[in-house]
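Visitor: Just add 809 to wherever you are in the sequence shown, counting from 1, and you've got my numbering.
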Amino acid sequence: MKPEMLGTMGAWLKRHWLLTVLIVGILCAGGWWFTNGRQGEKKDLAPVKADNRVLAEGIVFPVHYAQMVMPVEGTIGEVLVQEGDIVKAGQPIIRLVRQDYQARVGSTRADISRAAAAMEQARINLADAEREFERQKRLEAAGAVSRQQYDQAKTTADRTRAALAQAQAELETQEARLAESEGLLDKTELTAVINGTVAFLDVKVGEHAAAGTVLVRIADESAWEIRSDDLTELTIAKVKKGDQVSLTFDGIPDLEIAGKVKAIRAYGEKKRGDITYTVTVAPERWDDRLRWNMTAQLAITPSDL
């Protein structure tokens, strides 16, 4: 560098000596922080702990509920409740049109009356035939009648005895048919099997009700639980009864409820290509915004951790 330039730079530094000191100080402090401060900062960072919780998806269920089907098919004649109604066990909910079933009961009762009359007549005929056979037996022993007359009386008694047995069997058959018909008539009325709230009612008067189709769901809303069949054989071994669970809900993002594993089904079922086990979680509290079949997210903390 030329002497003139050095002289000029020296004159500038003398005039701005305070600024020069600040720049040098900043550079020195920056170098010290770069070499020592960042290393210290790294040393002060807490180690990141791995999240070893078992995550799963579940569904909200009432602890006690009933899914009710009509045992026989027919046309809906009466719907006696509405969704949201509170019902008692044994309370009628739905009745089918009953004329056909009542007609079957009436017809079978008429058949029973005829069968009973036929059996009574067969009993009278048998009594007469046995008396005649005993008379022919005495006469044949005394030589007063031929063997042919004796045999004929015996055959008549045997036939009337068989006729009585047949009439009795027919009466029993008709009585069994009556019991069946009366049972079918009783099944045309669907009654509540538990105390609870009608949560689902999918019928209208005049519609056809197929046997075996769920028409009514009743929930006892006093207690709820979460069930998950989302835990595979690779994760279920980590979970034990009593483990703590954090419950969150897709439909209520701001809600988090603590719970505990209540039960673990011992039997695994093949679902979605995996063997899965059903886990039931009991929440420690409840929220009235939750509903049957809502989706819940489970974060289970294994007690061994």
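For glycine and all other residues, C-beta sits at the position ideal for the given N, C-alpha and C.
(1) Let me know if SER1037 comes out buried or exposed under the rule of 16 or more other beta-carbons within 10 Å of its beta-carbon.
(2) Our contact map puts ASP1029 next to VAL872 with C-beta atoms below 8 Å; I'd like the distance itself, whole angstroms only.
(3) What does DSSP give as the partner residues of VAL1023 in its beta bridges?
(4) In whole angstroms, give me the CA-to-CA distance for LYS851 and ASP1113.
(5) What's the gap between the Cα of ALA951 and the Cα of MET928?
(6) Going by DSSP in three states, VAL857 sits in which element: helix, strand or coil?
(7) Use the C-beta contact count for ALA926: other C-beta atoms within 10 angstroms, 16 or more gives buried, fewer gives exposed.
(8) Skipping 5 residues on each side, what residues in its chain have a beta carbon closer than 6 Å to that of ASP920?
(9) Residue range of the beta strand (DSSP E) that LYS1080 falls in?
(10) Can you name, in chain order, every residue of its own chain whose Cβ lies under 6 Å from the Cβ of THR917, other than the five neighbours on each side?
(11) Report the partner residues of PRO1092 according to the DSSP bridge assignment.
(12) Within 10 angstroms of its Cβ, does VAL1023 collect 16 or more other Cβ (buried), or is it exposed?
(13) I'd like to know whether the C-beta atoms of TYR959 and GLU949 end up nearer to each other than 8 Å.
(14) Please report the straight-line C-alpha distance between ILE902 and GLY893, rounded to a whole angstrom.
(15) Buried or exposed: which applies to PRO1062, given that a residue is buried once 16 or more other Cβ atoms fall within 10 Å of its Cβ?
(16) According to DSSP, is GLN958 helix, strand or coil?
(17) Report the residue ranges of all alpha helix (DSSP H) runs contained in full by the segment 940-1002; include only those spanning at least 4 residues, in chain order.
(18) Output needed for ALA1017: all residues of its chain with C-beta closer than 8 Å, excluding positions within five of it in sequence on either side, in chain order.
(19) With distances taken from CA atoms, which of THR1110, GLU866, VAL890, ARG862 is nearest ALA1014?
(20) I'd like the list of long-range same chain contacts for THR1041, defined as Cβ closer than 7 Å, with 5 residues on each side in sequence excluded.
(21) If we require 3 or more residues per run, which beta strand (DSSP E) segments fall completely within the segment 894-949?
(22) DSSP state of ALA1018, grouped into three classes?
(23) Looking at C-alpha atoms only, which residue of LEU1099, MET1103, VAL1088, TRP1095 is the closest neighbour of ALA865?
(24) For the beta strand (DSSP E) that contains GLN1053, what are its first and last residues?
Guide: Once the coordinates are examined:
(1) As a working note, residue 1037 is residue 228 in the sequence shown. SER1037 should be labelled buried.
(2) Counting from 1 along the sequence shown, the entry for residue 1029 is found at position 220. Counting from 1 along the sequence shown, the entry for residue 872 is found at position 63. With a Cβ gap of about 7 Å, ASP1029 and VAL872 count as contacting.
(3) Position 214 of the sequence shown, counted from the start, is the residue given in the question as residue 1023. Secondary-structure assignment with DSSP links VAL1023 through a beta bridge to VAL878.
(4) Translated into the one-based positions of the sequence shown, residue 851 becomes position 42. Translated into the one-based positions of the sequence shown, residue 1113 becomes position 304. Bear in mind that a pLDDT of 46 at LYS851, under 50, signals an unreliable position, so the number given afterwards is only what the model happens to contain. Straight across, the Cα-Cα distance linking LYS851 with ASP1113 is about 31 Å.
(5) Start at 1 with the first residue of the sequence shown, and residue 951 comes out as number 142. Start at 1 with the first residue of the sequence shown, and residue 928 comes out as number 119. Spanning the two alpha carbons is a distance of roughly 35 Å.
(6) Position 48 of the sequence shown, counted from the first residue, corresponds to residue 857. Because the pLDDT at VAL857 is just 47, under 50, the model does not fix this residue reliably, and the value given afterwards should be weighed accordingly. Residue state, collapsed to three classes: coil.
(7) The sequence position of residue 926 within the sequence shown is 117, counting from 1. Here ALA926 is exposed: its Cβ has fewer than 16 other Cβ atoms, across all protein chains shown, within 10 Å.
(8) Here residue 920 corresponds to residue number 111 of the sequence shown, with the count starting at 1. Cβ-Cβ distances below 6 Å link ASP920 to GLN983 in the same chain, with the five nearest sequence neighbours on each side left out; the list follows chain order.
(9) Translated into the one-based positions of the sequence shown, residue 1080 becomes position 271. Residues 1078-1080.
(10) As a position in the sequence shown, residue 917 is number 108, starting the count at 1. So the list reads ARG986, LEU987, SER990, once near-sequence residues are dropped.
(11) Residue mapping note: residue 1092 aligns to position 283 of the sequence shown, counting from 1. In the DSSP assignment, PRO1092 forms a beta bridge with GLY1068.
(12) For this step, residue 1023 is matched to residue 214 along the sequence shown. Within a 10 Å sphere around the beta-carbon of VAL1023 sit fewer than 16 other beta-carbons, which makes this residue exposed.
(13) Sequence index remark: in the sequence shown, residue 959 carries index 150 (1-based). Sequence index remark: in the sequence shown, residue 949 carries index 140 (1-based). Yes.
(14) Mapped onto the sequence shown, residue 902 falls at position 93. Mapped onto the sequence shown, residue 893 falls at position 84. Between the alpha carbons of ILE902 and GLY893 lies a gap of roughly 13 Å.
(15) The residue you call residue 1062 lines up with position 253 of the sequence shown. Note on PRO1062: under 16 other CB atoms within 10 angstroms of its CB, so exposed under the neighbour-count rule.
(16) Counted from its first residue, the sequence shown places residue 958 at position 149. If DSSP states are grouped into helix, strand and coil, GLN958 belongs with the helices.
(17) Counting only runs of 4 or more, we get 956-995.
(18) Position 208 of the sequence shown holds residue 1017. The amino acid at residue 1017 is misidentified as Ala; the sequence shows His. Here the set comprises GLU882, GLY883, THR884, ILE885.
(19) Position 205 of the sequence shown, counting from 1, holds the residue named residue 1014. The question names Ala, yet the displayed sequence has Val at residue 1014. Of THR1110, GLU866, VAL890, ARG862, the residue nearest in Cα terms is VAL890.
(20) As a first step, residue 1041 must be located in the sequence shown, where it is residue number 232. These residues qualify, in order along the chain: ASP1083, ILE1084, THR1085.
(21) For the segment 894-949, whole beta strand (DSSP E) runs of length 3 or above, ordered along the chain, are 901-905.
(22) As a working note, residue 1018 is residue 209 in the sequence shown. Strand, per DSSP.
(23) Start at 1 with the first residue of the sequence shown, and residue 865 comes out as number 56. Measuring from the Cα of ALA865, the nearest candidate turns out to be VAL1088.
(24) Against the sequence shown, residue 1053 aligns to sequence position 244. Looking at the DSSP string, the run of the beta strand (DSSP E) that includes GLN1053 is 1053-1058.
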